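Trainee: Each residue of the sequence shown is one higher than the one before, counting from 6 in this note's numbering. Beta carbons are placed, not taken as given, at the ideal position from N, Cα and C, and that holds for glycine. Note that the structure is predicted; figures quoted are calculated from it, not measured. Attaching a single structure in structure tokens format; questions to follow.
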Amino acid sequence: MIEKSFTEVYDKFKLQFYRKVFDLVRERDGSLSAMEAFSLEVIAMLDRPTVGQFADFLNISQSNATYKVNSLMKKGYLERHNSATDRREYHLVLSEKFYNYMGLLSSYEHTVMQRLEQRLSAEDAQKFDEILRLMSSELMPECDK
């Protein structure tokens, strides 16, 4: 019962996300491919990873990751910042252009959460928040950075 309900909700979020990604993806100079859009999402969730961390997470070669990163930098969605502790290492930092793009993608989540907060009592909203935090912090260790 819970699994079916969760899958329905999760699938609807994914479908809306894919719709927005494909709406943003255009066949013209400087536009993102779907794979690049997904790569940016991963980089955002990894929170300033190195190229190596990005490659390791996706289980791709360092050269493949470097190619993706260079393409995203050329298009203006990504920047490299030197590490404060090791000047030979750099971290992938998302640009303002990315955050403008991301705002378009996250607006649906915001809309659904507003609707949910309007429908739930304060107690139910707090309980739902606790369940989501439990899922994130304890039940999904494969996704920890």
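Considering only the beta carbon of each residue, do F43 and L51 sit closer than 8 Å?
Mentor: For the purposes of this step, residue 43 is taken as the residue at position 38 of the sequence shown. For the purposes of this step, residue 51 is taken as the residue at position 46 of the sequence shown. Contact: no.
Trainee: Does DSSP put L125 in a helix, in a strand, or in coil?
Mentor: Counting from 1 along the sequence shown, the entry for residue 125 is found at position 120. Per DSSP, reduced to three states, the secondary structure at L125 is coil, with no helix or strand assignment.
Trainee: Which residue comes first and which comes last in the alpha helix (DSSP H) that contains L77?
Mentor: Residue numbering aside, residue 77 sits at position 72 when the sequence shown is read from its first letter. It spans 67-79 - the alpha helix (DSSP H) in which L77 sits, taken as one unbroken run.
Trainee: Exposed or buried, what is A127 when buried is set at 16 or more other beta-carbons lying within 10 Å of its beta-carbon?
Mentor: As a first step, residue 127 must be located in the sequence shown, where it is residue number 122. With fewer than 16 Cβ atoms within 10 Å of its Cβ, A127 is classed as exposed.
Trainee: Taking Cβ positions, are K73 and L37 nearer each other than 8 Å?
Mentor: Numbered from its first residue, the sequence shown carries residue 73 at position 68. Numbered from its first residue, the sequence shown carries residue 37 at position 32. No.
Trainee: If we ignore side chains and look at the alpha-carbon of each, how far apart do F133 and L125 end up?
Mentor: Working through the sequence shown from its first residue, we reach residue 133 at position 128. Working through the sequence shown from its first residue, we reach residue 125 at position 120. Using only the alpha carbons, I get a separation of about 9 Å.
Trainee: Just confirm the distance between the C-beta atoms of E143 and A130, as a whole number of angstroms; I'd bet it's less than 8 Å.
Mentor: What you label residue 143 is simply residue 138 of the sequence shown in a count that begins at 1. What you label residue 130 is simply residue 125 of the sequence shown in a count that begins at 1. In fact, because the Cβ distance is near 20 Å, the residues do not count as touching under 8 Å.
Trainee: Quick check: what's the CA-CA separation for A60 versus K17?
Mentor: Within the sequence shown, numbered from 1, the residue matching residue 60 stands at position 55. Within the sequence shown, numbered from 1, the residue matching residue 17 stands at position 12. Rounded to the nearest angstrom, the two C-alpha atoms are 28 Å apart.
Trainee: If I follow the unbroken alpha helix (DSSP H) through L63, where does it start and stop?
Mentor: If you number the sequence shown from 1, residue 63 lands on position 58. First-last of the alpha helix (DSSP H) with L63: 56-63.
Trainee: Report the residue from T90, D91, N75 whose alpha carbon sits nearest the alpha carbon of E84.
Mentor: By one-based count along the sequence shown, residue 84 stands at place 79. Of the candidates T90, D91, N75, the one whose C-alpha sits nearest the C-alpha of E84 is N75.
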